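This report concerns only the one structure given below.
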Amino acid sequence: MGEPAKVAAARGAAVEVRIPVTVDAGFHVNSNRPSEDYLIPLKLTWTSLGALEGGEVAYPQAKSEKYDFAEKPLSVFSGSFSLTASFKAAANAPPGPGMASGKLRYQACNSNTCFPPKTADVNVTYQVQ
Amino acid sequence: MSAFRFSAILSTALALGLFTAGCGGPAEVKAATLKPEKERKSAPDFALKDADGKLVHLSDYRGKVVILDFWATWCGPCRIEIPWFIDLQRKNRDRGFEVLGVAMDDEGWEVVKPFLAELGVNYRVLIGDDLTTQMYGGVDALPTTFLIDRSGKVAAVHVGLTSRKDIEDGVEQLLQSPAAVASAGAGEPVVSLSAK
Numbered sequence: 056m057g058e059p060a061k062v063a064a065a066r067g068a069a070v071e072v073r074i075p076v077t078v079d080a081g082f083h084v085n086s087n088r089p090s091e092d093y094l095i096p097l098k099l100t101w102t103s104l105g106a107l108e109g110g111e112v113a114y115p116q117a118k119s120e121k122y123d124f125a126e127k128p129l130s131v132f133s134g135s136f137s138l139t140a141s142f143k144a145a146a147n148a149p150p151g152p153g154m155a156s157g158k159l160r161y162q163a164c165n166s167n168t169c170f171p172p173k174t175a176d177v178n179v180t181y182q183v184q
Numbered sequence: 104m105s106a107f108r109f110s111a112i113l114s115t116a117l118a119l120g121l122f123t124a125g126c127g128g129p130a131e132v133k134a135a136t137l138k139p140e141k142e143r144k145s146a147p148d149f150a151l152k153d154a155d156g157k158l159v160h161l162s163d164y165r166g167k168v169v170i171l172d173f174w175a176t177w178c179g180p181c182r183i184e185i186p187w188f189i190d191l192q193r194k195n196r197d198r199g200f201e202v203l204g205v206a207m208d209d210e211g212w213e214v215v216k217p218f219l220a221e222l223g224v225n226y227r228v229l230i231g232d233d234l235t236t237q238m239y240g241g242v243d244a245l246p247t248t249f250l251i252d253r254s255g256k257v258a259a260v261h262v263g264l265t266s267r268k269d270i271e272d273g274v275e276q277l278l279q280s281p282a283a284v285a286s287a288g289a290g291e292p293v294v295s296l297s298a299k
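Keeping their order, the protein sequence lines are chains A and B. Our numbering puts the first residue of the first sequence at 56, with every later residue one more than the last. Our numbering puts the first residue of the second sequence at 104, with every later residue one more than the last.
Structure representation (structure tokens):
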């Protein structure tokens with residue numbers, strides 16, 4: 056799992072954070088908007104923002120891929136991609152370091168097997184200037 | 104207010120590790136081959152609750168051929184196999200055959216019951232737990248299906264979506280085998296099976 060990223064943010068300024076993700080070769084995870092109701096979406100949820108505000112997450116364009124176990128193509132992510140989180144440093148944030156923490160929930164499959172949903176920790180360290 | 108774009112490169116990108124050590128890629132689907140009887144090991148007994156809250160033991164099914172299917176509602180490949188099991192249950196229930204489903208959904212019956220109703224599942228389904236999966240070698244990949252002979256021993260294991268014919272042929276072979284004397288008693292040591 057990744058080490059905390061270093062982000063510099065001026066008080067009151069907007070900050071976008073890119074969060075690279077890599078899925079093991081041969082596997083895929085459901086996108087944030089799966090094509091079937093029963094599928095578990097990829098979802099990043101912030102559990103602690105510190106002196107940052109917002110944290111809205113933008114997901115990349117999903118791939119539409121056909122698998123033998125589904126009648127229709129599925130909306131998935133595979134390989135390497137990035138999520139983007141939009142923050143704003145609070146206007147009254149004290150100068151200094153801090154950390155925003157989140158949980159990335161995902162559920163992965165390959166062409167004939169699926170694995171239970173898992174959660175990965177995502178930490179973004181910042182420096183309010 | 105200008106929006107700064109920071110490339111907050113994690114020193115190591117989030118790698119969605121998929122706990123596939125030693126696999127290196129999609130699991131290989133192998134043809135159904137029943138283990139020779141002498142090589143079969145006892146299927147670990149378990150106690151899990153069914154939809155009515157009744158405690159079910161695998162040992163309750165001694166003397167029958169059993170398909171033990173670990174699955175989940177969020178598992179696409181599992182959804183392909185379940186209609187096969189419904190057919191097998193319907194065709195063979197009078198021949199000493201039963202399907203037992205073990206659902207691995209964290210949400211339990213809240214999501215499993217509607218699914219069973221939707222598909223018209225005609226066999227018993229239980230809610231699985233960690234203890235049971237550990238007994239079966241840490242079942243993680245779904246579906247994982249065990250074919251259990253009349254003496255309660257594992258004759259075949261299928262990890263991942265397999266072919267309908269493999270499943271049906273395996274069941275038929277077991278049903279046609281002479282009924283073995285159920286010799287495995289309660290004192291028999293539990294054997295942990297590798298599902299991979």
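We put the CB at the ideal spot given by N, CA and C, even for glycine. Because the structure is a prediction, the values reported are computed rather than measured.
Exercise for review: Determine the chain B residues that contact A/Gln182 at a beta-carbon separation under 7 Å, and present them in chain order.
Suggested key: The count along the first sequence starts at 1 and reaches residue 182 of chain A at position 127. Those do not exist, as A/Gln182 stays about 11 Å from chain B at its closest Cβ, beyond 7 Å.
**Study point:** Proximity of B/Leu219 and B/Ala154 at Cβ, strictly below 9 Å
**Key:** Within the second sequence, residue 219 of chain B is the residue found at index 116, counting from 1. Within the second sequence, residue 154 of chain B is the residue found at index 51, counting from 1. Judged by beta-carbon spacing, B/Ala154 lies within the 9 Å limit of B/Leu219, meaning their Cβ atoms are closer than that value.
Exercise for review: Check whether the Cβ of B/Gly128 lies closer than 9 Å to any Cβ atom in chain A.
Suggested key: Residue mapping note: residue 128 of chain B aligns to position 25 of the second sequence, counting from 1. Low confidence applies here, because B/Gly128 scores a pLDDT of 38, under 50, leaving its location unreliable and the question unanswered by this model.
Practice item. Please name the residue, chosen from A/Ile95, A/Val177, A/Leu104, that lies closest to A/Phe142 on a Cα-to-Cα basis. Key: For this step, residue 142 of chain A is matched to residue 87 along the first sequence. Answer by Cα proximity: A/Leu104.
Point to revise | Delimiting residues of the alpha helix (DSSP H) encompassing B/Trp177 | key: The sequence position of residue 177 of chain B within the second sequence is 74, counting from 1. It is not in any alpha helix (DSSP H) - B/Trp177 carries neither H nor E in the DSSP assignment.
Exercise for review: State yes or no: is the C-beta of A/Val183 within less than 9 Å of the C-beta of A/Ala155?
Suggested key: One-based indexing of the first sequence puts residue 183 of chain A at position 128. One-based indexing of the first sequence puts residue 155 of chain A at position 100. Not closer than 9 Å, so no.
Review point. Span of the alpha helix (DSSP H) holding B/Ile251?
Key: Stepping through the second sequence from its first residue, residue 251 of chain B is reached at position 148. Segment 247-251 is the beta strand (DSSP E) holding B/Ile251; no alpha helix (DSSP H) there.
Check your understanding: In chain B, which residues lie with their C-beta within 8 Å of the C-beta of A/Leu94?
Key -> As a working note, residue 94 of chain A is residue 39 in the first sequence. From the beta-carbon of A/Leu94, the residues of chain B found nearer than 8 Å are Trp177, Gly179.
Point to revise | Residues within the segment 222-240 of chain B neighbouring chain A, beta-carbon criterion of under 9 Å | key: Contacts with chain A (Cβ-Cβ distance below 9 Å) from the segment 222-240 of chain B involve no residue at all.
Check your understanding: Among the residues of its own chain, which have a CB less than 8 Å from the CB of B/Gly223, if the five just before and after it don't count?
Key -> Within the second sequence, residue 223 of chain B is the residue found at index 120, counting from 1. Close CB contacts of B/Gly223 within its chain, under the 8 Å cut and outside five residues either way in sequence, are with Ile189 (chain order).
Exercise for review: Could you list the residues in the segment 243-267 of chain B with a C-beta less than 9 Å from some C-beta on chain A, going in chain order?
Suggested key: Residues Asp243, Ala244, Leu245, Pro246, Thr247, Val262, Gly263, Leu264, Thr265.
Check your understanding: Which whole-angstrom value is the C-beta distance of B/Asp170 and B/Leu250, which I expect to be below 8 Å?
Key -> In the second sequence, counting from the first residue as 1, residue 170 of chain B sits at position 67. In the second sequence, counting from the first residue as 1, residue 250 of chain B sits at position 147. Reading off the sequence, residue 170 of chain B comes out as Ile, not Asp. Contact check for B/Ile170 and B/Leu250: beta-carbon distance about 6 Å, within the 8 Å limit, so the pair qualifies.
Point to revise | Within 9 Å, strictly: CB atoms of B/Tyr239 and B/Ala146 | key: Within the second sequence, residue 239 of chain B is the residue found at index 136, counting from 1. Within the second sequence, residue 146 of chain B is the residue found at index 43, counting from 1. Cβ atoms of B/Tyr239 and B/Ala146: closer than 9 Å.
Review point. Any beta-carbon of chain B closer than 9 Å to the one on A/Tyr114?
Key: For the purposes of this step, residue 114 of chain A is taken as the residue at position 59 of the first sequence. Answer no: the Cβ-Cβ gap between A/Tyr114 and chain B never drops below 9 Å.
Check your understanding: Measuring CB to CB, does A/Tyr181 end up less than 9 Å from A/Ala64?
Key -> As a working mapping, residue 181 of chain A is identified with position 126 in the first sequence. As a working mapping, residue 64 of chain A is identified with position 9 in the first sequence. Taking 9 Å as the Cβ cut-off, A/Tyr181 and A/Ala64 qualify as a contacting pair.
Review point. Which same chain residues, not among the five before or five after A/Glu108, have their C-beta less than 7 Å away from its C-beta?
Key: Position 53 of the first sequence holds residue 108 of chain A. Hits under 7 Å: Phe142, Lys143, Ala145.
Review point. Nearest to A/Val72 by alpha carbon, out of A/Asp79, A/Glu111, A/Asn167?
Key: Numbered from 1 along the first sequence, position 17 holds the residue referred to as residue 72 of chain A. In this structure, A/Glu111 is the residue among A/Asp79, A/Glu111, A/Asn167 with its C-alpha nearest to the C-alpha of A/Val72.
Exercise for review: Could you tell me the boundaries of the alpha helix (DSSP H) in which B/Leu277 lies?
Suggested key: Residue mapping note: residue 277 of chain B aligns to position 174 of the second sequence, counting from 1. In the DSSP assignment, B/Leu277 falls within the alpha helix (DSSP H) that extends over 267-279.
**Study point:** Neighbourhood of A/Lys173 by C-beta distance below 8 Å, restricted to the same chain and skipping five residues each side
**Key:** Indexing the first sequence from 1 puts residue 173 of chain A at position 118. Within the same chain, Cβ atoms closer than 8 Å to the Cβ of A/Lys173 are found at Arg160, Tyr161, Gln162, Ala163, the five residues on either side in sequence being excluded.
Practice item. Go to A/Asp176, then tell me how far its beta strand (DSSP E) extends in each direction, as first and last residue. Key: Locating residue 176 of chain A in the first sequence gives position 121, where the first residue counts as 1. Here the beta strand (DSSP E) through A/Asp176 covers 173-183.
Review point. Counting contacts by CB-CB distance shorter than 9 Å, is A/Pro152 in contact with chain B?
Key: As a first step, residue 152 of chain A must be located in the first sequence, where it is residue number 97. By this cut-off, A/Pro152 is not an interface position.
**Study point:** Identity of the residue in A/Ala148, A/Pro152, A/Gly134, A/Gly151 nearest A/Val78 by Cα
**Key:** The residue labelled residue 78 of chain A in the question sits at position 23 within the first sequence. If we check each option's Cα against that of A/Val78, A/Gly134 comes out closest.
Exercise for review: Can you say whether B/Leu158 is buried or exposed, counting buried as having 16 or more other CB atoms within 10 angstroms of its CB?
Suggested key: Position 55 of the second sequence, counted from the first residue, corresponds to residue 158 of chain B. Burial call: exposed.
**Study point:** Supposed close pair B/Leu151, B/Gln276 - CB separation, criterion 8 Å
**Key:** Walking along the second sequence from the start, residue 151 of chain B turns up at place 48. Walking along the second sequence from the start, residue 276 of chain B turns up at place 173. That belief does not hold up - the Cβ atoms of B/Leu151 and B/Gln276 are roughly 27 Å apart, past 8 Å.
**Study point:** chain B contact for A/Asn87 (CB, 9 Å cutoff)
**Key:** Locating residue 87 of chain A in the first sequence gives position 32, counting from the first residue. False, the Cβ-Cβ gap to chain B never drops below 9 Å.
Check your understanding: Name the chain A residues that come within less than 7 Å of B/Ile183, Cβ to Cβ?
Key -> On the second sequence, position 80 is the one that residue 183 of chain B refers to. Within 7 Å Cβ-Cβ: Phe124.
Review point. Mind checking whether A/Glu91 and A/Leu129 have CB atoms under 9 Å apart?
Key: Residue 91 of chain A sits at position 36 when you count from the first residue of the first sequence. Residue 129 of chain A sits at position 74 when you count from the first residue of the first sequence. Yes, these two residues count as a Cβ contact at 9 Å.
Review point. With which residues is B/Val242 paired in a DSSP beta bridge?
Key: As a working note, residue 242 of chain B is residue 139 in the second sequence. In the DSSP assignment, B/Val242 is bridged to no other residue.
Practice item. Please name the residues in the segment 148-176 of chain A whose beta-carbon is closer than 8 Å to at least one beta-carbon of chain B, in chain order. Key: Of all residues in the segment 148-176 of chain A, the ones placed with a Cβ closer than 8 Å to any Cβ belonging to chain B are Leu159, Tyr161, Gln162, Ala163, Cys164, Asn165, Ser166, Asn167, Thr168, Cys169, Phe170, Pro171, Pro172, Lys173, Ala175, in chain order.
Review point. By how many angstroms is the C-alpha of B/Glu142 removed from the C-alpha of A/Ser119?
Key: Translated into the one-based positions of the first sequence, residue 119 of chain A becomes position 64. Translated into the one-based positions of the second sequence, residue 142 of chain B becomes position 39. Cα to Cα, A/Ser119 sits roughly 44 Å from B/Glu142.
Review point. Which one or two residues does DSSP pair with A/Tyr161 in a beta bridge?
Key: Along the first sequence, one-based indexing puts residue 161 of chain A at 106. According to DSSP, which records beta bridges pairwise, A/Tyr161 is partnered with A/Lys173.
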